[in-house]
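Everything below concerns the one structure shown next.
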C-alpha cells in the first residue's frame, strides 16, 4: 500500500468529531494523498464510509482491532 501522508488519532472522540477531523484534513491535502483515521466511536463505522461516498473520496482499507476502527482514505 502507498505511504500514508497524515494520521488522525480520533480515539476517544465522539460523533461527529471523527468525521469533522478527517474532513478538515482532506481539505488541506492534495489529490491522491492518503489519510489514516483511528477512531473508537462506533458511529464512525457508518459515518466515515458515508462521508467518503458523499465527497468522492476513496476508502482504500478499513479494519477493526481491539475496539479501534482504522480507515485509510485517498483524497479525490
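In the working numbering, the protein residues as written are 30 to 105.
Each residue gets a CB set at the ideal place from its N, CA and C atoms; glycine is no exception.
Predicted model, so just to flag it, every value in this text is computed and none were measured.
Ranking 87, 94 and 95 by CA distance to the CA of residue 101 puts 87 first. Between residue 50 and residue 37, the C-beta gap is smaller than 8 Å, which places the two residues in contact. Setting aside the 5 residues that flank it on each side, residue 81 is surrounded in the same chain by 87, 88 and 102, each with a C-beta closer than 7 Å to its C-beta; the list follows chain order. Taking 8 Å as the cut-off, the Cβ atoms of residue 55 and residue 98 do not count as close.
Straight-line measurement puts the Cα of residue 85 at about 14 Å from the Cα of residue 63.
Taking C-beta atoms as the reference points, residue 39 and residue 45 fail to come closer than 8 Å. Its chain contains 47, 48, 51, 66, 68, 88, 91, 98, 100 and 102 as the residues whose beta carbon lies nearer than 8 Å to that of residue 77, once the 5 sequence neighbours on both sides are disregarded; these appear in chain order.
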